[in-house]
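Peer 1:
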Amino acid sequence: MYFKFPAIFSVVAVLFAGQAFGAAQIATDPVAACNPPNNGDHHGGSSCKFYSGPSDSSHVVSGTLMWSSYYDEDVSDPYDRKLEATMSAKVSQYTYKCHCRKTYASRSDATDALRRLGPPPSFPDISHPTATLEVPTALEILTHLYNELGYGRPEHTKTQVSMHIKRNWVLISPWVRFFLEHFAVVDFNDYPTTEEGQVYIEIAIDVLAGLLRFVNHCPGSTRHHENRRIGRMTPWVTPLLARLWLKLQNPGHRKWWETAVLMENFIMSDKHGIGIAFGHCLEDIYDQTGGTTDMVKISIMRIRKWGAYAYHQTLNGPYWGGFRALFVPLWISFHQIDTVYLRSLCQGGAGFMVHVFHAMASRPRTLSAFQETSIEFQAALGIVEICMNFIESSMSGPRWVAEVLDAGLIRAMFKALSNISEAYDRARAEDAQKKRMCYILMQVLKRIEHHLVYPSILQRFVSATKTVEETGLSQALNPKPEYFWPVWEQAKAKAKELRTLFVRYRAEKVFFCDNEMCPLKDTDYKRSTKPRYLRCSACTSAMYCSHRCGRQDWKRHQETCLKIAPLWKGGRPIPPSKMEIGFFQVVIRNHATNHAEEIRKELASVRISENDIRERPVVMYNMGSVEQPDLTFKIESYRNIISDTRLSVQDIAALESSDSLDRVMVCAFYPAGRCAHTAAWTTVMSIPNP
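According to mature numbering (1 follows the signal peptide of the UniProt record, and there is no 0), the residues represented by the sequence shown are -22 to -1, 1 to 668, in order.
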């Protein structure tokens, strides 16, 4: 069998002389000791502990922005030497790639040579990869194909090369798998001890990450199909890439940012196919390691570290692309995989993204420091868009809406609208890009408005609105942003109306203590005082007027608490409290009173049967959807409404309990949140027949 003399032998001296690759060490991340921001998980026990929750109207958490303290960590550890060493290695690899480009006359010659090599060896010596001719020759051939897809090549040439790789994928894929398994994703404990082996790892990661992007250059109509075909033919690709991505997060990896960008492009070539499969592979690794290898925790810690560099403007150009690429696996998995969604939020992901959003978009000097065509500028804008999408998707349920409001989202949005708009103008961006940003922020604002029926969200939004008005941030937006401004005015008007109702609700001095034996329930003491309610710290669903009532009610509440506490700790929505349900009912009664004539006309148009309960009308309010027009009603028959899966057995029994024609039953749905056991919370009540 005939082999060409591998080019790597001719440049190995250049590689060794140009860059001395020391053994890679598992460095300790300076931010690893800093836990990512969390929500302060509360744990149940043998007794009931309490905290003053947001249920009390006098307790409003201020949405102050402590950005400098959030990113006030040691950024004095310079990485210029690491960058210098990597750039030197890059020059050496460039020399090697130039040799590989000239080794074969055409891509057909390269694949013919690969065919003559036969199958890859089963147990290679990665410390001495050139001990046999097959390994260096195969890497040389893959590098040649990688060069054909490289920068500067005409697009039609890249298309031809992509189709050539597609036709020969059965021949090429075993060697791709060989280098991925034995070189790219090798554990640091098994890292080669020789400089020669370390050189091969650096080259293999670079070449494979770029080569796997060949699908991007296939004709547009076949890209999606080709991604699916590769997934069926070589199901090992995505699991190995997931392991490679985790390896890149190790601070000891010297080329993480460059390879992360290549992997980002590969994942985003089919984010609904490869992207979701990639996320599930990372979750499989999480399960296999018993939760010790957590993609969510790793991502948040790494983003926080490099976000600190960006905030202090010490992040150099080559790192910006890698910084953006850190978001991609977390972003895709967050949208599609519930376990990632919940872990991200439980580790403070919602508030954390608000801080990153501020660092990138709400400070004028972050974007103004870059040229419009620079890598840094484009990467920063990409990070801003990812953060906005992440924040929007996280705002499902009052717990996470409260978190982003506490992190100062409203103030950050107004600052970003001004700064990002100027950045787009400076870059001569199309109006569509500016409109897209306003549209995403509008969706964020609509989600906040959607949850204003919760007193805790209402209080926070009113406080944030007051801050924006007093600081002049709203007046500074001129002209008023399209899409965003009408929704802002609508949300303010709704908050004002609900705030008036809540003040009236408080004035009624409704008593919410969950202790059935509370000594104050049968006295007038509750009428003359304003108790500061306490929530159970384990489940947050029970409310008490004092620690004494909490301790007295613990035996009764313990069973419910043990069921709900794991849901709260796991990030899942929990049923609303008595105060929240009471306010829901106040909102509905107020709307029904103000629109009594409209309800009467609608009821008059519906045939009412006194004998057949199935035909009795029910007034339905559906506020469980963001897109549903707020506070609108429709008349449904009992027979139709009980088929709604959101109704529980208790709700249906309550609807059946009314046999008086003087009253009308009302069924209202309220926003529950993603991963709740029901699509919406419900309340059933009756109102006088208009």
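All residues carry an ideal CB built from backbone N, CA and C; glycine is no exception.
Taking DSSP as the reference, what is the three-state secondary structure of residue 670?
Peer 2: This structure cannot speak to residue 670, because the chain is shown only from -22 to 668.
Peer 1: Kindly indicate which three-state DSSP category threonine 660 falls into: helix, strand or coil?
Peer 2: In the sequence shown, residue 660 corresponds to position 682, counting from 1. Three-state result, threonine 660: strand.
Peer 1: Rounded C-beta distance between alanine 91 and threonine 110? I'm assuming under 8 angstroms.
Peer 2: Mapped onto the sequence shown, residue 91 falls at position 113. Mapped onto the sequence shown, residue 110 falls at position 132. The Cβ separation is near 15 angstroms, so there is no contact.
Peer 1: For the putative contact between valine 662 and aspartate 629, defined by C-beta atoms under 8 angstroms, what is the C-beta separation to the nearest angstrom?
Peer 2: Indexing the sequence shown from 1 puts residue 662 at position 684. Indexing the sequence shown from 1 puts residue 629 at position 651. Contact flag correct, Cβ pair sits at about 5 angstroms.
Peer 1: How many Å lie between arginine 414 and leucine 423 at the Cα?
Peer 2: By one-based count along the sequence shown, residue 414 stands at place 436. By one-based count along the sequence shown, residue 423 stands at place 445. Looking at the two C-alpha atoms, the distance is approximately 14 angstroms.
Peer 1: For the beta strand (DSSP E) that isoleucine 315 lies in, which residues bound it at each end?
Peer 2: On the sequence shown, position 337 is the one that residue 315 refers to. No beta strand (DSSP E) contains isoleucine 315, which DSSP labels as neither H nor E.
Peer 1: Count the other C-beta atoms from every protein chain shown that fall within 10 angstroms of the C-beta of glutamate 537, then say buried if there are 16 or more, exposed otherwise.
Peer 2: For the purposes of this step, residue 537 is taken as residue 559 along the sequence shown, with counting starting at 1. When all chains shown are included, glutamate 537 counts as exposed.
Peer 1: State the beta-bridge partners of lysine 612 as determined by DSSP.
Peer 2: For the purposes of this step, residue 612 is taken as the residue at position 634 of the sequence shown. DSSP lists Met598 as partners of lysine 612.
Peer 1: Determine the DSSP secondary structure at threonine 42, reduced to helix, strand or coil.
Peer 2: For the purposes of this step, residue 42 is taken as residue 64 along the sequence shown, with counting starting at 1. Summary for threonine 42: the model assigns pLDDT 33, below 50, so the residue's position carries little reliability; its value from the coordinates is reported in the next sentence. Reduced to three states, the DSSP call for threonine 42 is coil.
Peer 1: I believe isoleucine 388 touches alanine 442 by the beta-carbon criterion, under 8 angstroms. Please report the beta-carbon distance rounded to the nearest angstrom.
Peer 2: For the purposes of this step, residue 388 is taken as the residue at position 410 of the sequence shown. For the purposes of this step, residue 442 is taken as the residue at position 464 of the sequence shown. With a Cβ gap of about 4 angstroms, isoleucine 388 and alanine 442 count as contacting.
Peer 1: Can you tell me which of the three DSSP states arginine 592 falls into?
Peer 2: Within the sequence shown, residue 592 is the residue found at index 614, counting from 1. Correct three-state label for arginine 592: helix.
Peer 1: In the structure shown, what three-state DSSP assignment does arginine 624 receive?
Peer 2: The residue labelled residue 624 in the question sits at position 646 within the sequence shown. Correct three-state label for arginine 624: coil.
Peer 1: With DSSP collapsed to three states, give me the class of alanine 520.
Peer 2: Walking along the sequence shown from the start, residue 520 turns up at place 542. Alanine 520: coil per DSSP, three-state reduction.
Peer 1: For isoleucine 252, which residues from the same chain have a beta carbon less than 8 angstroms from its beta carbon, with the 5 sequence-adjacent residues on both sides left out?
Peer 2: In the sequence shown, the residue the question calls residue 252 occupies position 274. Only Asn205, Gly209, Thr216, Phe244 and Ile245 meet the Cβ criterion.
Peer 1: In angstroms with no decimal places, state the Cα-to-Cα distance between tyrosine 417 and isoleucine 369.
Peer 2: Taking the sequence shown and counting its residues from 1, one reaches residue 417 at position 439. Taking the sequence shown and counting its residues from 1, one reaches residue 369 at position 391. Cα to Cα, tyrosine 417 sits roughly 13 angstroms from isoleucine 369.
Peer 1: From the DSSP output, in three-state form, read off proline 666 for me.
Peer 2: Taking the first residue of the sequence shown as position 1, residue 666 is located at position 688. The answer is strand: DSSP assigns proline 666 an E or B state.
Peer 1: In terms of DSSP beta bridges, what is tyrosine 648 paired with?
Peer 2: If you number the sequence shown from 1, residue 648 lands on position 670. In the DSSP output, where bridge partners are listed per residue, tyrosine 648 has Trp659.
Peer 1: For tyrosine 82, which of Ser311, Glu242, Leu117 and Gly96 has the nearest alpha-carbon?
Peer 2: If you number the sequence shown from 1, residue 82 lands on position 104. Ranking the options by Cα distance to tyrosine 82, first place goes to Leu117.
Peer 1: Measure the alpha-carbon distance for alanine 390 versus proline 433 and round it to whole angstroms.
Peer 2: Your numbering for residue 390 matches position 412 in the sequence shown. Your numbering for residue 433 matches position 455 in the sequence shown. Their backbone Cα atoms lie some 23 angstroms apart in a straight line.
Peer 1: Looking at serine 626: is its Cβ nearer than 9 angstroms to the Cβ of arginine 594?
Peer 2: To locate residue 626, count along the sequence shown from 1; it is residue 648. To locate residue 594, count along the sequence shown from 1; it is residue 616. Not closer than 9 angstroms, so no.
Peer 1: Given this structure, state the Cα-to-Cα distance separating histidine 37 from tyrosine 511, to the nearest angstrom.
Peer 2: Taking the sequence shown and counting its residues from 1, one reaches residue 37 at position 59. Taking the sequence shown and counting its residues from 1, one reaches residue 511 at position 533. Any reading at histidine 37 is ruled out, since the residue's pLDDT is 32, under 50, leaving its predicted position unreliable.
Peer 1: Take the Cβ of residue 727 as the centre, count every other Cβ of all protein chains shown within 10 Å, and call the residue buried at 16 or more, exposed below.
Peer 2: A query on residue 727 cannot be resolved here, the shown segment of the chain reaching from -22 to 668 and no further.
Peer 1: For methionine 643, which of helix, strand or coil comes out of DSSP?
Peer 2: Walking along the sequence shown from the start, residue 643 turns up at place 665. It is a strand residue.
Peer 1: Name the two residues that bound the continuous alpha helix (DSSP H) containing cysteine 259.
Peer 2: In the sequence shown, residue 259 corresponds to position 281, counting from 1. Element bounds for cysteine 259: 254 to 266.
Peer 1: Identify, in the order they occur along the chain, each residue of the same chain with its Cβ nearer than 6 angstroms to the Cβ of serine 452, setting aside the five sequence neighbours on each side.
Peer 2: What you label residue 452 is simply residue 474 of the sequence shown in a count that begins at 1. So the qualifying residues of the chain are Val446.
Peer 1: From which residue to which residue does the beta strand (DSSP E) around arginine 221 run?
Peer 2: Against the sequence shown, residue 221 aligns to sequence position 243. First-last for arginine 221: 215 to 226, but that is the alpha helix (DSSP H), not the beta strand (DSSP E).
Peer 1: Could you tell me the distance, in whole angstroms, from the CA atom of isoleucine 181 to the CA atom of isoleucine 315?
Peer 2: Position 203 of the sequence shown, counted from the start, is the residue given in the question as residue 181. Position 337 of the sequence shown, counted from the start, is the residue given in the question as residue 315. In a straight line, the C-alpha of isoleucine 181 is about 33 angstroms away from that of isoleucine 315.
Peer 1: Using only the alpha-carbon positions, how far apart do alanine 473 and threonine 449 sit?
Peer 2: Counted from its first residue, the sequence shown places residue 473 at position 495. Counted from its first residue, the sequence shown places residue 449 at position 471. Straight-line Cα distance between these residues: approximately 19 angstroms.
Peer 1: So, are the CB atoms of leucine 219 and phenylalanine 256 less than 9 angstroms apart?
Peer 2: Sequence index remark: in the sequence shown, residue 219 carries index 241 (1-based). Sequence index remark: in the sequence shown, residue 256 carries index 278 (1-based). Against a cut-off of 9 angstroms, the Cβ pair of phenylalanine 256 and leucine 219 comes out as a contact.
Peer 1: Please list the segments of the beta strand (DSSP E) lying wholly inside the stretch 429 to 477, counting only runs of 3 or more residues, in order along the chain.
Peer 2: Correct list: empty.
Peer 1: Nearest to tryptophan 234 by alpha carbon, out of Arg207, Val274, Ile183 and Met273?
Peer 2: Locating residue 234 in the sequence shown gives position 256, counting from the first residue. Residue Ile183 is the option with its Cα nearest to tryptophan 234.
Peer 1: Check whether the Cβ atoms of glycine 295 and serine 352 sit closer than 9 angstroms, and answer yes or no.
Peer 2: Locating residue 295 in the sequence shown gives position 317, counting from the first residue. Locating residue 352 in the sequence shown gives position 374, counting from the first residue. Yes, Cβ-Cβ distance for glycine 295 and serine 352 is below 9 angstroms.
Peer 1: Taking C-alpha atoms, which residue in Val164, Lys136 and Ser151 lies nearest to aspartate 103?
Peer 2: Counted from its first residue, the sequence shown places residue 103 at position 125. For the residues Val164, Lys136 and Ser151, the minimum Cα distance to aspartate 103 belongs to Val164.
Peer 1: On the DSSP letters alone, give me the boundaries of the alpha helix (DSSP H) that leucine 304 sits inside.
Peer 2: The sequence position of residue 304 within the sequence shown is 326, counting from 1. It is not in any alpha helix (DSSP H) - leucine 304 carries neither H nor E in the DSSP assignment.
Peer 1: Looking only at its chain, what residues have a beta carbon closer than 7 angstroms to the beta carbon of tyrosine 124, apart from the 5 residues adjacent to it on each side?
Peer 2: Within the sequence shown, the letter at position 146 stands for residue 124. Counting only Cβ-Cβ distances below 7 angstroms, and skipping sequence neighbours, we find Val185, Gly188 and Leu189.
Peer 1: What whole-angstrom Cβ distance do tryptophan 147 and methionine 241 have, given they're in contact under 8 angstroms?
Peer 2: What you label residue 147 is simply residue 169 of the sequence shown in a count that begins at 1. What you label residue 241 is simply residue 263 of the sequence shown in a count that begins at 1. Going by Cβ atoms, the distance from tryptophan 147 to methionine 241 rounds to 19 angstroms, so no, they are not a contact pair.
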